[in-house]
Structures are given as structure tokens and as C-alpha cells.
Amino acid sequence: MTDNKTFLNELARLVGHSHLLTDPAKTARYRKGFRSGQGDALAVVFPGSLLELWRVLNACVNADKIILMQAANTGLTEGSTPNGNDYDRDIVIISTQRLDKLHLLDNGQQVLAWPGTTLYALEKALKPLGREPHSVIGSSCIGASVIGGICNNSGGSLVQRGPAYTEMSLFARIDDQGKLQLVNHLGIDLGHTPEQILSKLDDERIKDEDVRHDGRHAHDHDYVTRVRDINADTPARYNADPDRLFESSGCAGKLAVFAVRLDTFAAEKNQQVFYIGTNQPAVLTEIRRHILANFDNLPVAGEYMHRDIYDIAEQYGKDTFLMIDKLGTDKMPFFFTLKGRTDAMLEKVKFFRPHFTDRAMQKFGHLFPSHLPPRMKNWRDKYEHHLLLKMAGDGVAEAQRWLNEFFKSAEGGFFTCTPEEGSKAFLHRFAAAAAGAAIRYQAPLLARRFVIRPYTLMKWKISWRWISLCAATIPTGSSICRRKSTANWYINSITATLCATFFIRTIS
Numbered sequence: 014m015t016d017n018k019t020f021l022n023e024l025a026r027l028v029g030h031s032h033l034l035t036d037p038a039k040t041a042r043y044r045k046g047f048r049s050g051q052g053d054a055l056a057v058v059f060p061g062s063l064l065e066l067w068r069v070l071n072a073c074v075n076a077d078k079i080i081l082m083q084a085a086n087t088g089l090t091e092g093s094t095p096n097g098n099d100y101d102r103d104i105v106i107i108s109t110q111r112l113d114k115l116h117l118l119d120n121g122q123q124v125l126a127w128p129g130t131t132l133y134a135l136e137k138a139l140k141p142l143g144r145e146p147h148s149v150i151g152s153s154c155i156g157a158s159v160i161g162g163i164c165n166n167s168g169g170s171l172v173q174r175g176p177a178y179t180e181m182s183l184f185a186r187i188d189d190q191g192k193l194q195l196v197n198h199l200g201i202d203l204g205h206t207p208e209q210i211l212s213k214l215d216d217e218r219i220k221d222e223d224v225r226h227d228g229r230h231a232h233d234h235d236y237v238t239r240v241r242d243i244n245a246d247t248p249a250r251y252n253a254d255p256d257r258l259f260e261s262s263g264c265a266g267k268l269a270v271f272a273v274r275l276d277t278f279a280a281e282k283n284q285q286v287f288y289i290g291t292n293q294p295a296v297l298t299e300i301r302r303h304i305l306a307n308f309d310n311l312p313v314a315g316e317y318m319h320r321d322i323y324d325i326a327e328q329y330g331k332d333t334f335l336m337i338d339k340l341g342t343d344k345m346p347f348f349f350t351l352k353g354r355t356d357a358m359l360e361k362v363k364f365f366r367p368h369f370t371d372r373a374m375q376k377f378g379h380l381f382p383s384h385l386p387p388r389m390k391n392w393r394d395k396y397e398h399h400l401l402l403k404m405a406g407d408g409v410a411e412a413q414r415w416l417n418e419f420f421k422s423a424e425g426g427f428f429t430c431t432p433e434e435g436s437k438a439f440l441h442r443f444a445a446a447a448a449g450a451a452i453r454y455q456a457p458l459l460a461r462r463f464v465i466r467p468y469t470l471m472k473w474k475i476s477w478r479w480i481s482l483c484a485a486t487i488p489t490g491s492s493i494c495r496r497k498s499t500a501n502w503y504i505n506s507i508t509a510t511l512c513a514t515f516f517i518r519t520i521s
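Position one of the sequence shown corresponds to residue 14 (the working numbering), numbered consecutively onward.
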């Protein structure tokens with residue numbers, strides 16, 4: 014066992030004093046997630062190469078420290094920050110922000126991503142090639158990393174792509190003797206020793222002949238089949254699905270991942286968004302089942318919003334909406350990083366109330382006129398339940414024909430969005446969920462012990478009956494989210510909208 018002073022000196026020797034933080038004031042923003050998760054840490058270390066990362070990991074293992082790998086620290090799925098202060102050993106956070114390279118393989122058909130590679134950087138690199146990463150607008154807007162998604166099997170909102178998954182990665186694990194072991198399952202000839210493998214990647218000395226194609230999968234290849242099986246008694250996607258756990262995929266921090274090899278996807282062309290509204294949830298169930306079972310073309314995406322979360326996002330997510338809409342997604346990682354640093358600094362000043370930056374940004378957003386299209390507002394007034402259906406290619410005409418016939422008798426209606434309306438509809442939905450409008454809504458209520466509790470009903474056969482069934486499952490004394498809230502508002506709004514995407518059978 015190494016004492017902390019000796020250990021920290023060793024880390025400083027490995028990465029340099031400027032890339033090691035121990036002052037709690039300076040480590041604060043790395044110890045607290047954007048959404049959730051917070052706790053103490055002995056140090057935050059920033060290796061500048063994969064070889065440095067390997068040496069830092071060895072030092073931590075030899076000193077018997079808890080290791081938290083961290084990239085963007087979005088806090089979207091937690092796990093990249095401490096959660097409380099009841100750990101049995103010191104925690105070291107290894108930030109991979111400096112390890113942000115990427116290498117395109119086979120003319121962009123695949124990509125090799127480093128620990129700090131962001132979805133946005135990958136999206137930008139692929140755009141000239143007419144291709145896209147696993148995720149597009151969503152977590153990419155706040156700087157989320159590619160490998161973070163793999164480790165948590167994140168994603169799934171894009172119906173044709175499924176959750177993040179690969180069977181090809183380079184990772185470190187602790188063997189039965191307690192020693193750190195590097196495992197190269199990338200399908201790329203990089204040498205034999207850790208030094209050879211990591212140096213070759215650091216220097217990007219990868220040749221086409223080094224890359225093998227041996228039948229291993231670099232995305233969730235059978236997701237389309239699962240999502241179409243509407244009569245299955247299991248959901249198409251759920252957390253810790255054992256069939257989606259493979260080495261780095263779904264490892265959730267149990268491995269230190271150095272690189273992953275992933276498929277990319279042809280960018281969808283001729284996209285069209287249909288904005289659907291109804292006051293009867295069963296109508297949306299019928300739409301979902303028919304499209305998944307009978308359409309020749311699966312949707313690109315399908316997102317659900319309840320009227321109440323629509324209102325929450327309109328008020329508490331307006332500033333985020335405007336920043337993305339006016340400045341573009343490429344500016345968002347910078348703003349979220351700046352916000353994190355500002356929050357960490359202001360927390361030390363008693364004069365500022367908690368969540369000061371959120372409040373200030375919201376006030377600033379309200380200086381601007383209404384940001385949502387008139388037809389969306391009209392649908393909000395007419396209908397309680399909203400579905401954003403995005404189709405592409407031949408699926409556009411297929412959906413248009415069927416929806417026209419369906420709503421001749423079904424309760425509700427739809428309109429075909431203009432490109433601007435479609436973009437703003439999905440951006441509004443993003444502001445409601447991934448960008449944290451609901452979390453912001455909850456924040457000022459915490460002092461009054463009001464808590465938003467999302468409930469996810471896993472078996473799809475429950476269908477949309479969950480709206481009434483939840484009344485029997487909410488524990489006595491559960492907090493309601495408004496001073497004058499009703500149980501119905503709590504059930505419909507929070508349960509419905511913070512659960513996963515409409516089309517994924519996690520809920521229905």
C-alpha cells in the first residue's frame with residue numbers, strides 16, 4: 014500500500030503537475046455530474062496519451078485506489094462521478110478529455126474512437142462522407158463521448174440503430190492475480206506488448222492491412238428484428254440486457270476502455286416529421302403497433318411528449334433550445350463546460366443561491382419572443398398526448414398514406430411538419446429530456462422536498478394502460494411535483510415523459 018503523498022507524486026511524474034488536480038475547489042466540476050452524482054475524490058488526473066493512461070492505471074491499481082473513468086462528465090447515466098462519500102477507499106478520477114483522437118476505417122464505414130472522442134467530433138468528421146455515428150442530436154449536444162455510450166449501452170432512440178454496442182475494443186482489466194492486463198480485441202494488428210499496442214495507436218500508425226474483418230459485430234445488428242417483434246414478452250431494449258453485454262459494451266466502468274471500433278451509418282435522406290396528437294393514449298398504442306409490425310420502412314425515430322412536459326420544456330428549456338437553434342450544436346459542449354466551471358466557482362460564494370446559472374440562463378431566455386411554431390402550440394392546446402414521428406425515404410409516403418386513412422376514424426390528428434417545424438419539434442423534445450428541463454424544474458423544488466420520480470414499466474404488454482396502473486404502484490407519501498399538483502398530473506407527465514422513447518418497447 015502506497016501512502017497518498019507518494020502516490021500523488023507518482024501521478025504528477027507520469028502526467029505533469031499541470032495535469033493533476035487535488036484541490037477540492039478545482040476538482041469540484043469533475044466530481045459532480047451535469048444531471049446527477051456527486052462526491053469526494055483524492056485527485057483528478059488528465060493523461061495525454063494512451064500510454065500515459067496505461068501507466069496511470071497501473072499506479073492506481075498498485076496503490077489500491079478506486080478508479081473512475083470520466084470523459085465528458087455529462088451525468089446522463091451517472092457512473093462517471095462519485096455518488097456519495099461512503100466508499101471504502103480513495104477515489105481517483107481519470108479524465109480522458111485530452112485523448113480525443115479518432116481514426117476512420119474503410120472510407121468511413123467504421124471508426125476507431127479514443128476514450129475522449131466525442132459524438133459531436135465524430136458526427137463532424139463523418140458528415141462530408143454522407144455518414145452518421147450511432148447517435149445524432151441528443152447527448153452529442155452536450156459533448157458526450159463515444160466510449161461512454163458503449164460502456165452504458167446508451168442510445169436506442171434511433172429505431173433502426175438500437176443501443177450502442179460493439180464486439181471490438183481495446184480495454185484493460187484486473188486479472189485473478191490482481192494485475193492490470195491489456196486486452197486487444199479491436200481486430201487490428203497493433204503488436205503484442207502494451208507499449209507496442211498503445212504507442213502504435215498514439216502515433217496513429219494504422220495501415221489498411223492491419224485491419225481484420227472477422228465477422229464480429231460493431232453495432233447491434235439484430236435490433237431491427239427485436240423492435241418489430243411486438244408480441245414478444247420482453248422489451249426491445251432495457252438496461253443491463255445480458256444479450257448486449259460484451260466486454261466493453263455495457264461494462265459500466267468495470268473495464269478501462271482505450272479504444273472501440275464501431276460501424277457508422279449512411280445519413281438518412283428525404284426525412285419528414287409528422288406531428289401527431291390525441292387525447293386517447295390507446296390511439297398511440299395502435300399507431301406504434303401497426304407501424305412496427307406492418308410498415309415496410311421503419312421510422313427513423315419516434316418520440317413521445319405529454320402536454321405537461323411540453324410546458325416544462327417551454328419554460329425551463331427555452332435557453333437551451335435557443336442556444337442550439339441559433340448557435341448550432343457545435344457550441345453546446347463549450348457552453349456546458351463553461352457552465353460547469355461557473356457552477357463550481359459560485360458554489361463557494363454564499364451570496365449566490367443554488368442553481369444560479371440555471372436561473373440566470375432561464376431569465377435570459379425569457380427575454381426572447383416565443384420560440385415554438387404556432388401549429389405546435391395549437392396541437393398542445395388541443396391534445397394531451399403528442400408523438401413526433403420521423404420517417405425517411407419511401408417511408409415518408411408510406412406514413413402519409415396510412416396516417417391519412419387512420420385519422421379518418423381515430424380520435425386525434427396530425428400535421429406534416431415543414432423542415433423548420435420538424436427540427437424545432439425534436440429540439441423541444443430534446444430540451445425536455447436530455448438537456449435537463451425536467452431536472453431544472455425539479456431543482457428549485459428540492460428544498461421543499463418535492464422530487465420528480467420517473468417510473469419505467471418494462472414489459473411492453475402493459476401497453477398504455479400504465480397511465481392508470483401507476484396509481485396503484487406509487488408509494489404512499491411520494492412527492493408530487495407542484496404545490497397544487499394532482500396524482501393524475503404526476504402520473505401522466507412525469508412517468509410518461511421521462512421514461513424512454515415511445516417506439517422502444519421499454520414502455521408502450
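Glycine included, C-beta positions come from ideal geometry on N, C-alpha and C.
Note that the coordinates shown come from a computational prediction; the quantities given were computed from them, not determined experimentally.
DSSP three-state label for Y468, please.
As a position in the sequence shown, residue 468 is number 455, starting the count at 1. Only weak support is given to the placement of Y468: the predicted model assigns it a pLDDT of 35, under 50, and the question is left unresolved by the model.
Which class does S153 belong to by DSSP, given the choice of helix, strand or coil?
What you label residue 153 is simply residue 140 of the sequence shown in a count that begins at 1. Low per-residue confidence applies at S153: pLDDT is 49, beneath 50, and the placement is therefore not dependable, though the value from the model is reported in the following sentence. Helix at S153.
Would you decide whether V362 is buried or exposed? Buried here means 16 or more other CB atoms lie within 10 Å of its CB.
Within the sequence shown, residue 362 is the residue found at index 349, counting from 1. Label assigned to V362: exposed.
May I have the straight-line CA-CA distance separating A245 from G426, to the nearest angstrom?
The residue labelled residue 245 in the question sits at position 232 within the sequence shown. The residue labelled residue 426 in the question sits at position 413 within the sequence shown. Using only the alpha carbons, I get a separation of about 29 Å.
6 Å CB neighbourhood of R461 in its chain, flanking five on each side removed
Within the sequence shown, numbered from 1, the residue matching residue 461 stands at position 448. Confidence is the limiting factor: at R461 the pLDDT is only 42, short of 50, which leaves the residue's position unreliable and the question unanswerable from this model.
For the region 170–253, which segments carrying the beta strand (DSSP E) assignment without a break, of at least 3 residues, lie completely within its bounds, in sequence order?
The region 170–253 contains these whole beta strand (DSSP E) runs: 182–187, 193–197.
Report yes or no: do three or more beta-carbon pairs, one from the region 265–282 and one from the region 76–92, lie closer than 8 Å?
Output reads yes: the region 76–92 touches the region 265–282.
So which of G175, D407, N197, E208 has the shortest CA-CA distance to S62?
The sequence position of residue 62 within the sequence shown is 49, counting from 1. Checked all of G175, D407, N197, E208; the closest Cα to S62 is E208.
Local conformation of Q122 per DSSP, three classes
Residue 122 sits at position 109 when you count from the first residue of the sequence shown. Looking at Q122 - three-state DSSP - the assignment turns out to be coil, as it is neither helix nor strand.
Could you pull the start and end residues of the beta strand (DSSP E) that R274 belongs to?
What you label residue 274 is simply residue 261 of the sequence shown in a count that begins at 1. Element bounds for R274: 269–276.
Unbroken beta strand (DSSP E) run spanning V74, endpoints:
Position 61 of the sequence shown, counted from the first residue, corresponds to residue 74. Careful: V74 lies outside any beta strand (DSSP E), inside the alpha helix (DSSP H) at 63–75.
Is DSSP giving G426 helix, strand or coil here?
One-based indexing of the sequence shown puts residue 426 at position 413. Of the three classes helix, strand and coil, the one that applies to G426 here is strand, per DSSP.
Would F259 pass as a contact of E145 if the rule is Cβ separation under 7 Å?
Sequence index remark: in the sequence shown, residue 259 carries index 246 (1-based). Sequence index remark: in the sequence shown, residue 145 carries index 132 (1-based). Not a contact, by the Cβ cut-off of 7 Å.
Taking only the alpha-carbon atoms, compute the straight-line gap between R102 and L34 and give it to the nearest angstrom.
Numbered from its first residue, the sequence shown carries residue 102 at position 89. Numbered from its first residue, the sequence shown carries residue 34 at position 21. Rounded to whole angstroms, the separation of the alpha carbons of L34 and R102 is 18 Å.
What's the call for P37, buried or exposed, on a 16-neighbour Cβ count within 10 Å?
For the purposes of this step, residue 37 is taken as residue 24 along the sequence shown, with counting starting at 1. For P37, the number of other beta carbons within 10 angstroms of its own is below 16, and it is reported as exposed.
At what residue ranges does the region 326–408 contain a whole run of the alpha helix (DSSP H), taking only runs of 4 or more?
Runs of the alpha helix (DSSP H) inside the region 326–408: 331–340, 345–359, 369–378, 387–395.
Distance check for S422 and H303, CA to CA, integer angstroms please.
Locating residue 303 in the sequence shown gives position 290, where the first residue counts as 1. Locating residue 422 in the sequence shown gives position 409, where the first residue counts as 1. If you take the alpha carbons of H303 and S422, they lie about 15 Å apart.
So which of V240, V270, L118, H205 has the shortest CA-CA distance to D221?
As a position in the sequence shown, residue 221 is number 208, starting the count at 1. Restricting attention to V240, V270, L118, H205, the CA atom closest to the CA of D221 is found in L118.
Could you check the C-alpha separation between A126 and V196 for me, to the nearest Å?
Taking the sequence shown and counting its residues from 1, one reaches residue 126 at position 113. Taking the sequence shown and counting its residues from 1, one reaches residue 196 at position 183. Pairing A126 with V196, the inter-Cα distance amounts to about 16 Å.
Mapping DSSP to helix, strand and coil, what is S262?
As a working mapping, residue 262 is identified with position 249 in the sequence shown. S262 falls in the strand class under three-state DSSP.
One or two residues paired with R160 in a DSSP bridge:
Position 147 of the sequence shown, counted from the first residue, corresponds to residue 160. Looking at the sequence shown, residue 160 is not Arg but Ile. None, per the DSSP bridge assignment.
Does the region 135–144 touch the region 203–218, meaning 3 or more C-beta pairs lie closer than 8 Å?
With the cut-off at 8 Å, the region 203–218 and the region 135–144 do not touch.
Would you mind sorting P386 into buried or exposed? The rule is 16 or more other CB atoms within 10 Å of its CB.
Position 373 of the sequence shown holds residue 386. By the neighbour-count criterion, in which a residue is buried when 16 or more other Cβ atoms sit within 10 angstroms of its Cβ, P386 is buried.
Inter-stretch contact (C-beta, 8 Å, three-pair minimum) for the region 183–202 and the region 221–237:
Cβ pair count under 8 Å is three or more, so yes.
Among residues of its own chain, excluding the 5 on either side of S148, which ones have a beta-carbon nearer than 6 Å to its beta-carbon?
Locating residue 148 in the sequence shown gives position 135, counting from the first residue. Beyond the five residues adjoining it in sequence on each side, S148 comes within less than 6 Å, by CB distance, of L132, G168 in the same chain, given in chain order.
Rounded separation between Q285 and R414 - CA only
Start at 1 with the first residue of the sequence shown, and residue 285 comes out as number 272. Start at 1 with the first residue of the sequence shown, and residue 414 comes out as number 401. Each residue's alpha carbon lies about 13 Å from the other.
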